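Heads up, the thing below is written out as structure tokens.
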Amino acid sequence: MTPKFLKCRWQKITAAVLSIFVIIISIIAFFINQYWSPILAREVKSTVLNSTDSLYVADFKDARLNVLQGKIVLYDITIKPNMPVYNRRLKIGLAPNNLYTLKVKRIVFQRIHPLRLYRKNQLNINKIIISEPELKVTYHLVHTRDTLTFGKLNAWQRIKSILKSIHVNQVLLNDVKFRYEDYTGAKLDVSELKEMNLTGNNLQIDSATQNDTSRFLYFKEVQIELNNFIQPSNNGLYTYRIKQLNFSTLTSQLNAFGLSLIPASEQVFASKKSRIRFACYLDTVQINHFDFATYNKYHLFNSSHVVLTRGNFSIAVNPMAQARKTDRLITFPNVAIHQLGSQFRLDTVDLQSINIAYKGYGKKSHKPGQINFNNTSGSLYNVSNQASALALNPVCSLQLSSYLMNQGLLNTTVTFNLTDSAKTYAYKGTLGSMKLDKLNPVTIPFGLLKITSGNLTRLDFDVKGNRNVATGTVGFQYSNLKVKLFKMDTATARYKRMTIVSLLANNLVIKRNNPDQPGQIARLAQVTYVRQPDTPFFKTVWKTLSRGIKACAGYDAAMEKHVKQQIAQHAIDKKKRKIRKAQRDRRKIEKGRKKRRH
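Under the UniProt record's numbering, think of the first position of the sequence shown as 1, with each following residue one higher.
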């Protein structure tokens with residue numbers, strides 16, 4: 001039975017014509033598929049070879065062209081370095097720092113224009129989909145700058161003899177398995193990524209874009225997305241985690257979320273004789289104007305502005321590791337910055353709502369103590385270890401505000417000279433009002449001193465120092481200060497109150513208020529602290545400030561010497577009393593024995 005829509009004559013003619021066209025197109029497509037597949041294979045291999053100046057070769061097992069769908073499918077593709085060419089360049093110092101190897105089971109080229117390629121030598125593709133590729137990058141620091149500029153052929157100059165232009169609207173790489181091998185250190189550093197997606201938009205290689213510096217690898221934009229990154233450190237002491245990372249070459253902005261630096265256990269640190277344990281979590285990291293091209297080539301990390309938002313950073317001293325007796329100059333920030341593996345230049349680093357904690361153990365008490373700087377915000381300027389940047393400005397400066405023990409507002413300005421041999425630094429600031437007993441988690445384990453009452457009015461400090469000495473002024477204004485002093489009970493490892501010494505300290509040594517009376521001028525202390533080589537930087541800061549604080553409270557160097565002499569004399573007198581008592585007891589015993597004989 002004839003279908004209803006073919007009952008009219010003109011409809012029959014139209015259907016016949018369309019059927020003929022479909023048959024003709026199918027026949028043409030079949031022959032084009034058979035004819036173009038080997039041509040495309042040769043074109044792809046030739047394009048890769050020419051566009052990379054023979055540094056890379058491409059190979060695949062099969063290629064299929066579907067003209068009706070405008071699609072090409074390549075199977076079992078491999079793009080790998082041409083090692084003889086690379087080795088020749090390496091000998092003359094012209095080899096690149098990065099080498100790439102790409103393996104893909106299947107690549108789909110959608111909406112291609114084979115006739116335009118054949119007639120006009122223009123390769124136009126709407127989309128390239130690369131699923132589950134395996135990408136390996138090896139990095140050798142062959143040179144720190146471009147070794148060839150004049151006469152160097154770009155990709156367009158290499159392909160123009162066979163193609164007038166290449167245009168790809170979008171390239172998608174999904175579920176990339178990425179392996180990065182860094183050979184710059186003493187030990188091979190390997191990073192492996194799994195949940196990574198790459199998107200390249202608007203690839204254009206022609207005479208107009210050959211010198212377009214706004215493009216990255218001829219793409220208008222490359223987007224990188226990384227999820228659930230977990231990587232152990234080479235030394236086994238830490239684990240790095242990133243929940244998500246996004247980067248766009250168009251905006252030069254890198255955003256990372258859920259960054260963690262997780263330390264191993266104290267036992268692992270002790271087994272590796274590592275004394276300091278760091279831990280860090282950052283909710284968000286935003287890096288603006290990140291120079292990805294320079295980092296990719298030379299591992300130089302450059303950014304105009306970095307923002308760290310909401311997080312925790314802690315430093316803990318491992319009690320099971322022995323303290324080092326060597327020079328601890330490396331703990332100075334203006335020394336440590338040069339020991340980092342990578343070179344970087346950060347113009348500005350902003351901190352927003354970061355909690356900082358230091359946990360240590362008292363030398364005499366062997367008890368843990370912790371000092372907290374809550375809700376820390378501020379800016380760091382000129383954070384760099386690059387010689388070229390430091391030649392222009394060698395000073396790194398910090399302006400920070402924080403809440404000490406989540407109570408007193410601390411405002412401070414710090415500067416470090418990053419180039420001079422003396423390792424000079426300076427810090428100046430104020431600490432606002434707070435109850436002094438909030439410092440007991442620090443003063444009890446570290447100083448065997450408990451603050452029973454006292455209110456801080458204001459703490460001012462202005463100190464300049466270097467690797468050898470620190471000098472400055474400290475002002476400590478307070479009211480109603482009282483303390484208790486302890487010693488450790490060696491039998492029970494508990495704090496034992498020194499009642500008499502505490503009484504003497506409160507009544508004869510410590511001044512109750514500063515200033516002594518309202519309206520009087522508050523006491524200031526001029527401090528000098530000579531650093532011993534095995535003293536770390538932050539301990540140097542604490543020793544300097546504590547000298548000024550104690551001096552303002554009446555416990556200056558002279559008083560400290562006097563008190564120590566009194567304590568020593570008290571110990572001697574106590575020992576003598578025990579000896580005399582023992583002698584009296586012996587005489588009594590002897591006298592009793594004589595009486596019994598008579």
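Think of the CB as a built atom: it goes at the ideal place given N, C-alpha and C, for glycine as much as any other residue. Model, not experiment: these values are computed from the prediction.
Residue 167 has 124 and 204 as its beta-bridge partners, per DSSP. Counting only unbroken stretches of 4 or more residues, the alpha helix (DSSP H) elements lying wholly within the segment 546-597 are 557-597, in sequence order. When DSSP states are grouped into helix, strand and coil, residue 498 belongs to the coil group.
Assigned with DSSP and collapsed to three states, residue 225 falls in strand.
Residue 529 counts as buried, since no fewer than 16 other beta carbons sit within 10 angstroms of its beta carbon. Assignment of residue 211 by DSSP, reduced to helix, strand and coil, places it in the coil class.
Counting of Cβ neighbours within 10 angstroms places residue 230 among the exposed residues, the total staying below 16. Per DSSP, residue 86 has no beta-bridge partner at all. Within the same chain, and ignoring the five residues on either side of residue 549 in sequence, the residues whose Cβ sits closer than 7 Å to its Cβ are 474 and 476.
For the options 397, 429, 365 and 254, the alpha carbon positioned closest to that of residue 347 is the one of 397. Beta bridge pairing from DSSP links residue 142 with no other residue.
For the pair residue 247 and residue 292, the CB atoms are nearer than the 9 Å cut-off.
The DSSP assignment places complete alpha helix (DSSP H) segments of no fewer than 4 residues inside the segment 348-421 at 387-392, in order along the chain. Leaving aside the five residues that flank residue 349 on each side, the residues in its chain whose CB is nearer than 6 Å to its CB run, in chain order, 306, 380 and 383.
Per the C-alpha coordinates, the member of 508, 108, 546 and 368 positioned closest to residue 173 is 108. Straight-line measurement puts the Cα of residue 76 at about 59 Å from the Cα of residue 425. Under the three-state reduction of DSSP, residue 219 is assigned to strand. Residue 505 holds the alpha-carbon nearest to the alpha-carbon of residue 566 among 544, 542 and 505. For residue 158, there is no enclosing beta strand (DSSP E); the enclosing alpha helix (DSSP H) covers residues 155-159.
Put simply, of 511, 239 and 283 the residue whose alpha carbon is nearest the alpha carbon of residue 255 is 283.
Following the DSSP letters along the chain, one finds residue 267 in no beta strand (DSSP E) but inside the alpha helix (DSSP H) bounded by residues 266-271.
In the three-state DSSP reduction, residue 81 falls in the strand class (E or B).
Judged by DSSP secondary structure, residue 239 falls within the beta strand (DSSP E) whose first and last residues are 238-248. When DSSP states are grouped into helix, strand and coil, residue 324 belongs to the coil group.
Across the structure, residue 158 and residue 227 are spaced so that their CA atoms are roughly 37 Å apart. In the three-state reduction of the DSSP assignment, residue 298 falls in the helix class.
Leaving aside the five residues that flank residue 232 on each side, the residues in its chain whose CB is nearer than 8 Å to its CB run, in chain order, 238, 239 and 240. The alpha-carbon separation between residue 361 and residue 403 amounts to approximately 22 Å. For residue 515, the secondary structure class from DSSP, reduced to helix, strand or coil, is coil.
C-alpha of residue 560 to C-alpha of residue 442: approximately 21 Å in a straight line. Judged by DSSP in its simplified three-state form, residue 287 adopts strand.
Each of 326, 318, 329 and 430 was checked against the Cα of residue 363, and the nearest Cα belongs to 318. For residue 430, the uninterrupted beta strand (DSSP E) run begins and ends at 425-431, by DSSP.
Bridge partners of residue 477 according to DSSP: 458. Scanning 269, 438, 251 and 332 for the CA closest to the CA of residue 454 turns up 438. From the listed residues 125, 289 and 569, the smallest Cα separation to residue 165 is found for 125.
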